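Residue numbers (our numbering): 1162 to 1676. Glycine included, each C-beta is placed from N, C-alpha and C at the ideal position. A quick note: this is a predicted structure, and the numbers were derived from the prediction, not measured. Only one structure is covered here, and it is reproduced in the block below.
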């Protein structure tokens, strides 16, 4: 965990030795210069699983949220996260660390706060990977059953687990190449469907005002349908902040990390906005909710919306490639979050927060200790869910992904505050990039956190069946399970702070986080 404030400075002899060791027999250093802007963007955009978001989250957001204005909600959240990125990028230029949020919060708010945020970030990355494992197993099970091969969901999830674990033990650039191929095909298919739907004009023509005007986006208010749509949009951006995690393995991290972050958010925002706008146009803005309900069988099969539009406006030939890419999209997300979580454990082991064994790397320069822990946790939870008969989608996917988005937004707020304090202590940095933008992002993200928590039972699928989405927030907090799940990120935050407070301080950690 070093503050590499001079990007052109020569590495020390010990650093050379560590790199050499990691390239031959393993060690405690990640391989440097193995991944560039494009590779990092592949990891980050793959983590957002755009095809899964479009087939799963967007139809639900349209029905429960603000209908035709969902494209504007995604664009609004993208602009909010770009605001967050201004301070995040400024911080990334002052230090390069695979712990990302862990390091940034620690640098600005102190070691204890940094460790606390690390615990919460780990919860976020582990739970989102678990969520995707559940969805992956269910989708694979359904697809293979149609081909005559019927196996339980957990068999397919564990097969995916084997492949993900194996790839994550290889050099990071190999994983980036795999993701690059899968993601390129995924984006291509989405754009084909979105542009074809827009090009057709749909039954009512193109209506920008219905999807992007502030009046439409905010219709229903933050506590109502607009808030629901914005909450789903926030959930679709999970993983964008992982750009800094790959800083130590990147080429010219002071330039690579900020640029990759801006590019990743821009790609995700534009992609979701264009394709969801294509969906609205293809269905007709005034009747979009009714059409979504009809084509998704009352939201029991939300993927039916995009698939039916593809068949209607592009042709039946695209259905099979889309079905395959849904599976590869999930796999890409699994690999991206496996890499992110493993590098967090690596950073925490290197900083002395967790056992030093987690700071080990193999001959490929991959954080082998972190990979083993992440894979072991995933296997354990999947076995528990399978043994207890819990559903891979309704339980594993919805519960875990909802925990993730609460955890990530919480840590993003801490990062925004840390950026301000860090540059105030340094006495430098631009007023906009290190003061105003981070302050604004903290406020807007806090509003987003409120939206997520007030509608948590809807996101997690724990709301009683008879609760109407139009009822006030208090009506949504009826289920004790929902209370427990929503508090998990905050429990981890407290546990991390206590662990840091009672453990002997790692001298290097204190030195790295000093002003």
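Counting of Cβ neighbours within 10 angstroms places residue 1587 among the exposed residues, the total staying below 16.
Residue 1241 is not bridged by DSSP to any residue.
When secondary structure is reduced to three states using DSSP, residue 1255 falls in the coil class, being assigned neither helix nor strand. Per the C-alpha coordinates, the member of 1453, 1355, 1461 and 1496 positioned closest to residue 1555 is 1461. Taking C-beta atoms under 8 Å as the contact rule, residue 1234 and residue 1378 qualify, at a distance of about 6 Å. Separation of residue 1297 and residue 1488 (C-alpha to C-alpha, rounded to the nearest whole angstrom) is 7 Å. Inter-residue distance for residue 1456 and residue 1610 is about 31 Å (C-alpha atoms, whole angstroms). Here the alpha carbons of residue 1322 and residue 1483 stand approximately 22 Å from one another. Between the beta-carbon of residue 1368 and that of residue 1446 there is about 5 Å, and that keeps the pair under the 8 Å contact cut.
In the three-state reduction of the DSSP assignment, residue 1345 falls in the helix class.
Every unbroken stretch of the alpha helix (DSSP H) spanning 4 or more residues and falling wholly within the segment 1523 to 1605 is given here in chain order: 1529 to 1548 and 1559 to 1587. Cα atoms of residue 1429 and residue 1349: separation of roughly 13 Å, rounded to the nearest angstrom. Secondary structure of residue 1364 (DSSP, three-state): coil. For the pair residue 1354 and residue 1464, the Cα-to-Cα distance works out to about 13 Å. With contacts defined by Cβ atoms closer than 7 Å, residue 1329 and residue 1525 do not form a contacting pair.
Nearest in C-alpha terms to residue 1444, of all of 1422, 1468, 1582 and 1432, is 1468.
For a cut-off of 8 Å, the C-beta gap from residue 1270 to residue 1480 is around 50 Å, too long to register as a contact. Going by beta carbons, residue 1317 and residue 1327 fall outside the 7 Å limit. Counting along the chain, residue 1314 sits inside the alpha helix (DSSP H) bounded by residues 1314 to 1329.
Boundaries of the alpha helix (DSSP H) around residue 1266: 1262 to 1270.
Ranked by Cα distance from residue 1553, the first of 1654, 1319 and 1519 is 1319. DSSP places residue 1504 in the helix class (H, G or I) of the three-state scheme.
Close CB contacts of residue 1568 within its chain, under the 8 Å cut and outside five residues either way in sequence, are with 1281, 1282, 1284, 1285, 1288, 1649, 1650 and 1653 (chain order).
Cβ-Cβ distances below 8 Å link residue 1601 to 1244 in the same chain, with the five nearest sequence neighbours on each side left out; the list follows chain order. The beta carbon of residue 1606 lies closer than 6 Å to those of 1570, 1573 and 1574 in the same chain, with the five residues before and after it left out. Here DSSP, grouped into helix, strand and coil, assigns residue 1480 to helix.
For residue 1497 and residue 1442, the gap between their C-alpha atoms comes out near 32 Å.
In terms of Cβ geometry, residue 1566 and residue 1613 form a close pair [threshold 7 Å]. DSSP, read as helix, strand or coil, puts residue 1200 in helix. Under the DSSP assignment, residue 1643 falls in the alpha helix (DSSP H) whose first and last residues are 1641 to 1663. Closest in alpha carbon position to residue 1203, among 1590, 1347 and 1665, is 1347.
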